[in-house]
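J.: Here it is, the structure, as C-alpha cells.
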Amino acid sequence: MSFFNRRKEMARVVFNMKPAKGPWGGSSQFVEQMADYLVRRGYGIGFDLSGNVDAIILIDPREDNSLKPFGVADIARFKKDHPRARVLHRVNECDQRKATTFMDPLLAEANKVADYTVFISTWLRDYHAARWFDASKPHRPIYNGADPAIYHPIGNAPFKAGETMRLVTHHWSDNPLKGFDIYEEIDNLIAGGELPGFELRIIGRWPSSVKWKAARTFPPSSGRELADQLRDCHVYVTASRWEPCGMHHVEGAQCGLPLVFHEDGGGIVEAGLKYGVGFHTDVKSALLKARATYPALRQQVLERMPDGECMCWEYERAIRNLIMDSRHGL
977 MSFFNRRKEM
987 ARVVFNMKPA
997 KGPWGGSSQF
1007 VEQMADYLVR
1017 RGYGIGFDLS
1027 GNVDAIILID
1037 PREDNSLKPF
1047 GVADIARFKK
1057 DHPRARVLHR
1067 VNECDQRKAT
1077 TFMDPLLAEA
1087 NKVADYTVFI
1097 STWLRDYHAA
1107 RWFDASKPHR
1117 PIYNGADPAI
1127 YHPIGNAPFK
1137 AGETMRLVTH
1147 HWSDNPLKGF
1157 DIYEEIDNLI
1167 AGGELPGFEL
1177 RIIGRWPSSV
1187 KWKAARTFPP
1197 SSGRELADQL
1207 RDCHVYVTAS
1217 RWEPCGMHHV
1227 EGAQCGLPLV
1237 FHEDGGGIVE
1247 AGLKYGVGFH
1257 TDVKSALLKA
1267 RATYPALRQQ
1277 VLERMPDGEC
1287 MCWEYERAIR
1297 NLIMDSRHGL
C-alpha cells in the first residue's frame, strides 16, 4: 500500500491487521477507515514492524489468518528493542458474545503490551473491568462509526403512513447469537399475518437451520451496494446479544434507519437508547411502537447517529498524545 505514503510523514503508525476486500468483520472496516484518515492527517502507515515505528495499533491478538502480519509476541520483542514505540490496544471482543471461553484470557494477556486501551463501547469496558482490566490504567471507550461517504442518509426515503414498513438486518456471521431466533420470530409473525404492513429483509448469512417463510433474502454485500440496500428500508432490527458494539446497526443508523434492538444487546443498547425502541421478549410490540413513533425516531437518528470521521478523530487524538509523550520521554 505504497499509495498511503506519498508525502513526508509526521509520525508512523502500524496496524497488526490488514484490511480485507469485500464483506468482512468490523475490524477490517476499522483498519481501512483509520488508515485512510491517518494519511489525510499527515501520518505514514504500515502493516509491519520495519523501519521507524512511532505507534502500533493492536487490532486482534489472534494469529489466525494472513491478514495479521505480526502478533503480540512480535510487539513485545519490538518494544523491548524500541522502547519509545507506543501501543494502542483496540478491544472489540469478549467471550460472552459467541459463548466462547478463550477470548477474555487472550485479551488480558495481549493487553500487557498496551500503553493505552480503547474499548469500542462503555458496556465492553465495564464487562472486562469486572473480569481482568484495571480501569485505573489509561483508557477510554470510543464508539464505532462507519465511513460517512458511504453510509449516509441521503437517498433514504422516510416511511409514510399506509406504506409497507421495510425492516432490515445484515450479518456476515451466522452465529445464532447474532439474533436469528428473533429474526425467525418476526418472519413467522409476518408469514402468519400477525404483523400486517411489515416486510423483513435479511442480508448476508444465516444458520442453515433457519428456513425463511416470508423474508426477502440477499447475499452478503458491503460498501456502496450494502448502503444502497439499507437506504431502501425504514427501520433496522438487531437482536444480537452481548455485542461489544458491532457495525451492522451503526451502518443502518448512518443510513437513516432507527433501531429496534434487543435489551441484552451489550454495546448496541448505548446506540439504541438514543434513537430506537428496545425489547426483551415482545418484539412484536416493539415493531408496532417503532411504526407508531417513526417520525420522532427518524429525527433522533438523523441528529444523533454515529459517524466514522468523529470516531477516527478520537482515535487520532489518543495516538497523537501517545507519540508526543514518547518523544518527550514521558
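Residue 977 is where the sequence shown starts when you use this note's numbering, and the numbers rise one by one after that.
Cβ coordinates follow ideal geometry from the N, Cα and C atoms, glycine included.
Under 8 Å Cβ to Cβ from D1240, same chain only, skipping five residues before and after it: list those, please.
T.: R1217, W1218 and H1256
J.: Could you name the residues that DSSP lists as bridge partners for I1021?
T.: Here I1021 is bridged, per DSSP, to V989.
J.: Would you please state the rounded distance, in angstroms, between the beta carbons of R1200 and P1234? I believe it to be under 8 Å.
T.: The Cβ separation is near 22 Å, so there is no contact.
J.: Counting Cβ pairs, one atom from each stretch, are 3 or more of them under 8 Å apart for the stretch 1153 to 1166 and the stretch 1180 to 1187?
T.: yes
J.: The beta strand (DSSP E) that contains V1226, what's its start and end?
T.: No beta strand (DSSP E) contains V1226, which is instead part of the alpha helix (DSSP H) from H1224 to Q1230.
J.: Out of G1228, K1044 and E1292, which one is the CA nearest neighbour of Q1205?
T.: G1228
J.: In whole angstroms, what is the alpha-carbon distance linking G1047 and R1038?
T.: Per the coordinates, the alpha-carbon of G1047 lies some 7 Å from the alpha-carbon of R1038.
J.: With the cut-off set at 9 Å, would you say R1017 and E1292 are in Cβ contact?
T.: yes
J.: Hey, would you say C1221 sits closer than 9 Å to I1244, going by beta carbons?
T.: yes
J.: Report yes if the C-beta distance between L1171 and K1260 is below 9 Å; otherwise report no.
T.: yes
J.: Return the first residue and the last residue of the alpha helix (DSSP H) that I1179 is part of.
T.: Per DSSP, I1179 belongs to no alpha helix (DSSP H); it is in the beta strand (DSSP E), F1174 to G1180.
J.: So, for T1098: in the same chain, excluding its five sequence neighbours on each side, which residues have a beta-carbon less than 7 Å away from its beta-carbon?
T.: P1117 and E1246
J.: Bridge partners of L1064, per DSSP?
T.: In DSSP, L1064 forms a bridge with I1033 and Y1092.
J.: Work out the CA separation of K984 and G1248 for me, nearest whole Å.
T.: 42 Å
J.: Using CA coordinates, which residue listed in Y1119, D1091, G1252 and T1214 is at the minimum distance from K1055?
T.: Per the Cα distances, D1091.
J.: Opposite R1207 in the DSSP bridges: which residues?
T.: R1207 pairs with nothing; no bridge assigned.
J.: Taking the beta strand (DSSP E) that M1141 falls in, what are its first and last residues?
T.: Per DSSP, the continuous beta strand (DSSP E) segment holding M1141 begins and ends at M1141 to H1147.
J.: Given a cut-off of 9 Å, decide if H1065 and L1100 are closer than it, judged by their beta-carbon atoms.
T.: no
J.: Note the first and the last residue of the continuous alpha helix (DSSP H) segment covering T1098.
T.: T1098 to A1105
J.: On the three-state DSSP scale, how would you describe E1160?
T.: helix
J.: Exposed or buried, which one is P1081 when buried takes at least 16 other CB atoms within 10 Å?
T.: exposed
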